[in-house]
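One structure is given below, encoded as structure tokens.
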Amino acid sequence: MSPDLTFILILGLRMAITAAFVVTASVITERSGPVIGALVATLPISAGPSYVFLALDHDADFIAEGALASLPINAATIFLGLTYVVLAQRRSALVSCAVALAVWIALASVIRMFQWTLLAGLIANAVTFAICVPLLQGYRHVKMPLITRRWYDVPLRAGLVATLVATVVTTSGWVGPRISGIIALFPIVFTSLMLILHPRIGGPATAAVIANGAWGLMGFGIAVAVLHLAALRFGSTVALSLALMTCIGWNLGLWWWGRRKLVRQ
Numbered sequence: 018m019s020p021d022l023t024f025i026l027i028l029g030l031r032m033a034i035t036a037a038f039v040v041t042a043s044v045i046t047e048r049s050g051p052v053i054g055a056l057v058a059t060l061p062i063s064a065g066p067s068y069v070f071l072a073l074d075h076d077a078d079f080i081a082e083g084a085l086a087s088l089p090i091n092a093a094t095i096f097l098g099l100t101y102v103v104l105a106q107r108r109s110a111l112v113s114c115a116v117a118l119a120v121w122i123a124l125a126s127v128i129r130m131f132q133w134t135l136l137a138g139l140i141a142n143a144v145t146f147a148i149c150v151p152l153l154q155g156y157r158h159v160k161m162p163l164i165t166r167r168w169y170d171v172p173l174r175a176g177l178v179a180t181l182v183a184t185v186v187t188t189s190g191w192v193g194p195r196i197s198g199i200i201a202l203f204p205i206v207f208t209s210l211m212l213i214l215h216p217r218i219g220g221p222a223t224a225a226v227i228a229n230g231a232w233g234l235m236g237f238g239i240a241v242a243v244l245h246l247a248a249l250r251f252g253s254t255v256a257l258s259l260a261l262m263t264c265i266g267w268n269l270g271l272w273w274w275g276r277r278k279l280v281r282q
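In my numbering, the protein residues as written are 18 to 282.
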């Protein structure tokens, strides 16, 4: 088998695995309501596989540097969410999503211009959450209506995430770890939820899912910091495992805290 054909087959397999993972997670999101849906959506169901595939092709130093670039991008994703949530109350899915993505791209372009340290990335996330979480609070509690599935839902979601994985894998060798880290955190899950849910259940209900995701993204930022530190000390495999455990543990903690508040009320 030729090297080119082998590369194409492996790339196709990676795209298919990741797409199946994201589609499954987004279906759970649709059926579980905005709170549980947000906890699922903020798990590393897109960035995680991207980093796994990067780790298969590159060493631990590459992963650590990529994670360092990803950390401030997590803050940009929070601003994307805030932009969408505000616009979705009155605007169409296309307008709300397009403007939110424009904000993310603009912020990512600015972030790319600087050489970030771990401390600077953590501070950027802390300041962003301090600003955005209170602003999102009033949009979190909306009842999600019954969802009717359309024929293009699965192909759209699968196509979006497969394209992202293909872009990360095929370009990582020549764009380097910093750009790879930025691309890996492109908000593909949030974007697919916006484009699919908004026309069917309305802007406010879709915005509630995104608004509830703010706390989950906080844990995701911590996981990216863990990935950076652990990759330098223990290698990619251990680092990716610790980052995943951090995300899952954080979101389970959020779920437990939410249940405890309901019991008290």
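The beta carbon of each residue, even a glycine, is placed where N, CA and C say it ideally should be.
Where do the N-terminal and C-terminal ends of the alpha helix (DSSP H) with residue i fall, by residue?
i    : result
S258 : 253-281
R157 : Premise fails: R157 is in no alpha helix (DSSP H) and is neither H nor E.
S109 : Element bounds for S109: n/a, residue is neither H nor E.
M3   : For residue 3 there is no data in the structure shown, the boundaries of the chain being 18 and 282.
G65  : 64-74
L214 : 205-218
Rounded to whole angstroms, what's the CA-CA distance from residue i to residue j? Just pull it up for me.
i    : j    : result
F24  : M262 : Only weak support exists for where F24 lies, its pLDDT of 45 falling under 50; the value from the coordinates is given anyway. Between F24 and M262, the C-alpha separation is close to 30 Å.
I128 : I205 : 19 Å
A224 : A256 : 33 Å
G220 : V159 : 10 Å
A55  : P66  : 19 Å
L249 : F131 : 21 Å
G98  : L279 : 25 Å
P194 : G83  : 5 Å
I218 : R157 : 15 Å
N229 : L85  : 25 Å
Y68  : W133 : 19 Å
I265 : F207 : 18 Å
W267 : A201 : 21 Å
A81  : R281 : 42 Å
L136 : A64  : 21 Å
T100 : A242 : 25 Å
F96  : S258 : 28 Å
T59  : F251 : 25 Å
Q154 : A143 : 17 Å
P61  : P51  : 18 Å
P20  : A247 : Caution is warranted here: a pLDDT of 45 is assigned to P20, below 50, making its placement in the model unreliable, and the coordinate value is therefore given only provisionally. Taking the straight line joining both Cα atoms gives about 33 Å.
A105 : I53  : 20 Å
T180 : L139 : 29 Å
V57  : V44  : 10 Å
A141 : G176 : 32 Å
Could you tell me which of the options sits nearest to residue i, measuring between CA atoms?
i    : options                : result
F70  : P89, A123, R157, G198  : G198
W232 : G270, L124, G193       : G270
F203 : Y101, T254, H215, T94  : T94
A123 : A92, I140, W133        : A92
S49  : V243, T254, V226, L259 : V226
S126 : G252, L234, I90, A58   : I90
D78  : S253, V144, L259       : S253
C149 : L60, L234, L259, A247  : L234
L88  : L259, F96, H245, L60   : H245
V103 : A222, T59, A58         : A222
H215 : P172, I140, I53, C114  : C114
Let me check you understand the geometry: is the CB of residue i closer than 8 Å to at least one non-hydrogen atom of the ligand ATP?
i    : result
A256 : Only the bare structure without any ligand can be found here, which leaves the ligand ATP out of the picture.
Check whether the segment 198-211 and the segment 109-116 are in contact - that is, three or more C-beta pairs closer than 8 Å.
Verdict: yes, contact present.
- Taking three-plus beta-carbon pairs below 8 Å as touching, is the segment 69-79 in contact with the segment 227-239? Too few Cβ pairs lie closer than 8 Å, so no.
*Cβ pair count under 8 Å reaching 3, the segment 114-121 against the segment 261-276*: The answer is no - the segment 261-276 does not touch the segment 114-121, with fewer than three Cβ pairs under 8 Å.
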